[in-house]
DNA sequence: CTGAAAGCGCTTACAG
DNA sequence: CTGAAAGCGCTTACAG
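Chains as they are written, first to last, in my numbering: chain A, 1 to 374; chain B, 1 to 374.
Okay, here's the thing in structure tokens:
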């Protein structure tokens with residue numbers, strides 16, 4: 001009930017206020033709230049009491065001016081209405097928070113220039129890092145960020161930029177397993193339902209699927225819709241199932257496409273999956289396990305990706321572009337090698353794991369081989 | 001190729017650097033990047049050129065120390081893997097960004113204490129506002145935020161806290177329309193499938209639905225699952241459809257529940273919707289329109305909510321808790337009234353709009369009355 | 001362990 | 001229109 005005196009001008013208390021009330025220097029206050037700093041128990045308690053009374057909270061905005069760790073991390077995300085992106089966003093925000101990071105999410109709309117604008121914002125807020133899970137920022141913006149001392153992490157979107165960190169899924173193995181699924185189910189002819197969007201991960205999945213199908217000597221048709229959404233799957237079904245002959249198996253490049261394909265196949269073409277034909281998806285979105293779909297698919301390693309991100313953030317390894325490094329200079333060959341190795345390690349860890357469900361005809365052996373993981 | 005001299009210590013350029021290069025004072029630099037400030041064209045151009053060369057970007061972290069507008073806004077969100085939350089998050093981040101705000105998303109997990117921790121973070125980062133779309137932060141934390149000069153906005157989660165801004169949907173009307181749907185479809189007995197979670201918006205929907213059903217003299221059963229997810233809908237179907245007699249209509253408190261209910265009803269109980277029974281959902285998540293569900297539901301006014309939020313952020317109306325206001329003092333009655341009016345206005349604007357689809361038996365008249373909105 | 005001082009980058013009166 | 005100066009809140013050597 002009793003109101004405390006003093007500047008209640010609805011301005012938050014500062015370290016100076018606390019110092020005054022506790023009768024110590026502002027350095028002492030600062031030390032009390034700094035992890036490894038040396039303060040006597042007595043001082044610390046006085047400070048803590050004063051802080052409590054004034055409802056003091058260290059201003060991380062100000063702290064960020066000198067400490068890199070309390071600077072924000074930017075997350076460039078798009079398609080926030082799509083399940084895959086949500087799952088990744090969920091995993092990333094959890095992990096980054098647990099790591100003590102403040103994460104600012106930048107919604108990168110379909111507008112192709114917005115990724116650049118987002119990176120610009122990241123620059124303005126002195127982000128410790130920019131994590132790109134959607135969009136393709138222009139190369140010069142990425143370079144600006146790196147020059148400003150920022151780490152840039154690209155998730156599932158390989159390009160040839162120097163000095164950026166990449167986190168990628170090993171699509172080669174997943175696509176090989178995908179083809180194997182179809183083979184086990186007795187499929188001879190396949191259709192790959194993809195998109196002409198041409199994002200890096202789409203292209204990678206396509207390439208490896210095609211290669212694996214060829215290796216297995218299967219006949220493969222490729223169909224590409226505009227996007228990778230439910231509607232694209234519907235259109236694929238309408239187009240492909242009207243043809244005089246149907247294939248044995250259909251690999252949908254995303255689960256969303258698979259859901260649309262299955263719905264139209266089932267409700268409009270009276271197709272019985274997996275008896276008439278086999279369907280496979282990718283992403284393991286929640287809907288894939290819904291009864292109407294029960295889709296065999298591949299789960300992205302969402303949590304592993306998120307852990308990778310914090311690993312990268314926490315290694316204060318000198319930026320690769322710091323050419324005039326004053327550590328023991330290594331030869332170009334060695335540097336190259338080290339980077340190579342690191343990339344390979346990283347890649348080898350992130351595997352998409354198969355989720356066996358009922359849209360591919362099963363055989364006992366495969367069921368065993370690909371037991372549900374969790 | 002040629003490297004510029006100077007401190008390329010991978011430290012970003014500061015206003016001082018720019019001033020030096022341009023041969024002007026740092027005030028001039030500051031003014032050049034401040035909207036209404038007065039700088040001569042000549043100075044501005046020199047500054048701009050120097051800034052360009054040094055790749056200078058105003059440090060918003062530092063700016064936030066004195067300017068409220070460039071301070072971040074915090075968004076407390078949970079269930080980032082659920083469609084409703086994604087749609088709202090999408091709308092909010094878009095709108096806030098368009099308004100020039102930096103938005104930091106805090107993932108409030110199921111842990112009940114995490115909402116408080118999140119608000120604590122908001123305090124540390126001197127957020128201009130905290131927007132709560134999930135979780136129930138403890139009252140004292142909310143008060144701390146407000147005392148620190150922060151605006152607190154609660155979305156769809158009414159409570160009795162003073163001085164916080166509320167954005168709410170008018171569930172009364174939506175629930176009345178829901179009951180009307182069932183009546184039009186010829187239903188006499190209804191079941192309300194809800195959850196025992198007891199969040200404010202759930203309770204409000206329940207209350208108004210019950211009231212409307214009573215007004216219409218319908219027989220109503222209430223069933224509550226643990227949550228409001230797909231699995232809860234499945235369990236509801238298993239439980240309710242095993243009973244000796246079934247009701248005519250089932251109102252699912254969320255679309256996710258409705259999807260689970262429909263899937264189990266269709267695939268396990270061989271129910272034909274809407275001929276055997278009618279189903280209604282709430283939220284209009286993307287899956288509601290998928291062919292397997294084609295669910296009649298109510299769309300949350302996502303964009304209107306987001307616009308409301310920025311409206312609140314941009315009105316610099318003195319905080320309501322500033323009791324010793326030095327404006328012309330108004331009577332308590334007047335203040336009260338004003339707040340009331342504002343709340344009513346706000347509420348009247350945000351309506352859930354019905355989306356007519358095929359899970360309720362239709363009659364021509366209702367089809368006309370509730371034409372698809374967009 | 002502790003305090004005075006300089007520094008991080010900005011903005012905003014205040015004189016000119 | 002312009003610059004010197006004080007202020008926003010913090011941290012981090014530097015002496016003691």
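C-beta: ideal position from N, C-alpha, C; glycine also.
Residue 77 of chain B and residue 133 of chain B do touch by the CB rule: their CB atoms are close to 5 angstroms apart, below 8 angstroms.
Taking the C-beta atoms as reference points, residue 233 of chain A is found no nearer than 9 angstroms to residue 209 of chain A. Counting only the Cα atoms, residue 177 of chain B lies some 15 angstroms from residue 361 of chain B. Contact check for residue 291 of chain A and residue 228 of chain B: beta-carbon distance about 18 angstroms, past the 8 angstroms limit, so the pair fails to qualify. In this structure, DSSP gives residue 84 of chain A a helical state, which the three-state scheme calls helix. Not one beta carbon of chain B lies nearer than 9 angstroms to the beta carbon of residue 309 of chain A.
Within the stretch 277 to 311 of chain A, the residues whose Cβ lies closer than 7 angstroms to some Cβ of chain B are 286, 287, 290, 291 and 292, listed in chain order.
Assignment of beta strand (DSSP E) within the stretch 137 to 202 of chain A, counting only whole runs of 3 or more residues, yields 151 to 155, 165 to 167 and 189 to 195 in chain order. If the five residues before and after residue 151 of chain A are omitted, its C-beta is found closer than 6 angstroms to the C-beta atoms of 129, all from its own chain and listed in chain order. In the DSSP assignment, residue 355 of chain A falls within the beta strand (DSSP E) that extends over 353 to 355. In this structure, the beta-carbon distance from residue 202 of chain B to residue 258 of chain B does not fall below 9 angstroms. Of B:200, B:131 and B:95, the smallest CA-CA separation from residue 307 of chain B is found for B:95. Counting only runs of 4 or more residues that sit fully inside the stretch 220 to 276 of chain B, the alpha helix (DSSP H) segments are 230 to 241 and 255 to 268, in chain order. Around the C-beta of residue 52 of chain A, fewer than 16 other C-beta atoms lie within 10 Å, and the residue is accordingly described as exposed.
Counting only residues of its own chain and dropping the five nearest sequence neighbours on each side, residue 223 of chain B has a CB closer than 8 angstroms to the CB of 191, 192, 193, 194, 236, 239 and 240. The three-state secondary structure of residue 39 of chain B, taken from DSSP, is coil. Considering only beta carbons, no part of the stretch 157 to 176 of chain A lies closer than 7 angstroms to chain B. For residue 107 of chain B, the pairing in a beta bridge is given by DSSP as B:77. Sixteen is the threshold: since fewer than 16 other Cβ atoms of the shown chains lie within 10 Å of the Cβ of residue 158 of chain B, the residue is exposed. Using a CB distance below 7 angstroms, the part of the stretch 124 to 146 of chain B facing chain A consists of 124, 125, 126 and 144, ordered along the chain.
With its beta carbon less than 9 angstroms from one in chain A, residue 264 of chain B belongs to the interface. Rounded to whole angstroms, residue 30 of chain B and residue 126 of chain A show a C-alpha spacing of 17 angstroms. Comparing C-alpha distances from residue 144 of chain A to each of A:135, A:156, A:155 and A:161 shows the shortest one belongs to A:161.
The CB of residue 230 of chain A comes closer than 8 angstroms to the CB of 286 and 290 in chain B, given here in chain order. For residue 280 of chain B, the enclosing beta strand (DSSP E) covers residues 278 to 280.
The Cβ of residue 239 of chain B sits no closer than 9 angstroms to any Cβ of chain A. DSSP places residue 283 of chain B in the strand class (E or B) of the three-state scheme.
The Cβ atoms of residue 65 of chain B and residue 59 of chain A lie closer than 9 angstroms to each other.
Straight-line measurement puts the Cα of residue 11 of chain A at about 29 angstroms from the Cα of residue 41 of chain A. Taking 7 angstroms as the cut-off between beta carbons, the residues of the stretch 52 to 69 of chain B near chain A are 55, 57, 58, 59, 60, 61, 62, 64 and 65, in sequence order. The three-state secondary structure of residue 288 of chain A, taken from DSSP, is helix. Between residue 30 of chain A and chain B, the shortest Cβ-Cβ separation is not below 9 angstroms. Per DSSP, residue 18 of chain A is not a residue of any beta strand (DSSP E); the alpha helix (DSSP H) it occupies stretches across 15 to 22. Under the three-state reduction of DSSP output, residue 25 of chain B falls in the coil class, being neither helix nor strand.
Each residue's CA atom was taken as its position, placing residue 167 of chain A and residue 309 of chain A some 8 angstroms apart.
Within its own chain, the residues whose Cβ lies closer than 7 angstroms to the Cβ of residue 299 of chain A, once the five positions on either side in sequence are excluded, are 284, 352, 353 and 355, listed in chain order.
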